[in-house]
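J.: Residue numbers (this note's numbering), protein chains in the order written: chain A, 1 to 132; chain X, 133 to 264. No residue lacks a Cβ here, since even glycine has one placed at the ideal position from N, Cα and C.
1. Within 10 angstroms of the Cβ of residue 32 of chain A, are there 16 or more other Cβ atoms? Answer buried if so, exposed if not.
2. What do you get for residue 245 of chain X, buried or exposed, if any count of 16 or more other CB atoms within 10 angstroms of its CB means buried?
3. For residue 68 of chain A, which residues of its own chain have a beta-carbon under 8 Å away from its beta-carbon, when the five flanking residues on both sides are left out?
4. Grab the span of the beta strand (DSSP E) containing residue 93 of chain A for me, first residue to last.
5. Quick check: is the beta carbon of residue 74 of chain A nearer than 8 Å to any beta carbon in chain X?
6. Chain X beta carbons: is any one of them nearer than 8 Å to that of residue 23 of chain A?
7. Quick check: what's the CA-CA separation for residue 105 of chain A versus residue 226 of chain X?
8. List the DSSP bridge partners of residue 236 of chain X.
9. CA-CA distance, residue 66 of chain A and residue 98 of chain A?
10. Helix, strand or coil for residue 19 of chain A per DSSP?
11. For chain X, find out if any of its Cβ atoms is closer than 8 Å to the Cβ of residue 118 of chain A; answer yes or no.
12. Around the Cβ of residue 44 of chain A, are there at least 16 other Cβ atoms within 10 angstroms (buried) or fewer (exposed)?
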């Protein structure tokens, strides 16, 4: 699955460029615009449920045919939400025959996780205790 | 500052109830609705910049008078964005004389960070290596 590997690598490069952690330094306008788009994609309950269904699936990928039945929404509406998650770099997909299969891009999720984290790393906490 | 402590404690309780990590299990509708509101608050570049200015400030709190000059926006617009961050449980504030002072609520940020994280904890990774 070299296409997926390339995408994930691409994200890791972008991750290095953007952004400092929230508690580290104020974001500049470009960084805030880029991160804002990703958080906006997460700011919808249907998209969050879709993302969690994909992310928590054993084996790492899900057929769209297994996602749609969980919602009282049309197939085009589900596809639209999935497209927004994909445009945000949170998931990717591949068509195989009749169905499209989705998987998460962990680089983006871990980058957001690191950005939001305020708690000190264990080593820093120990140093703080030692000097208290 | 007992009011702040109470709010943070309240958040920690809520954090225990909601939610499983994204890679752990699919979110139910209530969990997705609650988390979606918080991510929606983060899905705007002005709010992300405000949050990062507050979170990265040495001393932990910022006067609204120090936030407004960084933006080409009116004071009421800035106040509206700050209100949305506060309603999402991301920040809190207190009026002292003329000015309002803001600080982040780390419980919410760390809860979101833990929710998004896909990478294995070091201990889990070691166990996986040992059994490989």
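T.: By the coordinates alone:
1. As a working mapping, residue 32 of chain A is identified with position 32 in the first chain. Counting the other Cβ atoms within 10 Å of the Cβ of residue 32 of chain A gives 16 or more, which makes it buried.
2. Looking up residue 245 of chain X in the second chain gives position 113. With a threshold of 16 other beta carbon atoms within 10 Å, residue 245 of chain X meets it and is buried.
3. As a position in the first chain, residue 68 of chain A is number 68, starting the count at 1. Hits under 8 Å: 75 and 78.
4. In the first chain, residue 93 of chain A corresponds to position 93, counting from 1. Boundaries of the beta strand (DSSP E) around residue 93 of chain A: 91–96.
5. Mapped onto the first chain, residue 74 of chain A falls at position 74. Chain X has no Cβ within less than 8 Å of the Cβ of residue 74 of chain A.
6. Translated into positions along the first chain, residue 23 of chain A becomes position 23. Closer than 8 Å: yes.
7. Taking the first residue of the first chain as 1, we reach residue 105 of chain A at position 105. Taking the first residue of the second chain as 1, we reach residue 226 of chain X at position 94. Their Cα atoms are separated by approximately 40 Å.
8. Translated into positions along the second chain, residue 236 of chain X becomes position 104. Residue 236 of chain X has X:223 as its beta-bridge partners, per DSSP.
9. Counting from one through the first chain, the residue named residue 66 of chain A turns up at place 66. Counting from one through the first chain, the residue named residue 98 of chain A turns up at place 98. Taking the straight line from one Cα to the other gives about 13 Å.
10. Taking the first chain and counting its residues from 1, one reaches residue 19 of chain A at position 19. Shown here, residue 19 of chain A sits in coil according to DSSP, grouped into three states, outside any helix or strand.
11. Within the first chain, the letter at position 118 stands for residue 118 of chain A. At least one beta carbon of chain X lies nearer than 8 Å to the beta carbon of residue 118 of chain A.
12. Counting from one through the first chain, the residue named residue 44 of chain A turns up at place 44. Per the 10 Å Cβ criterion, buried.
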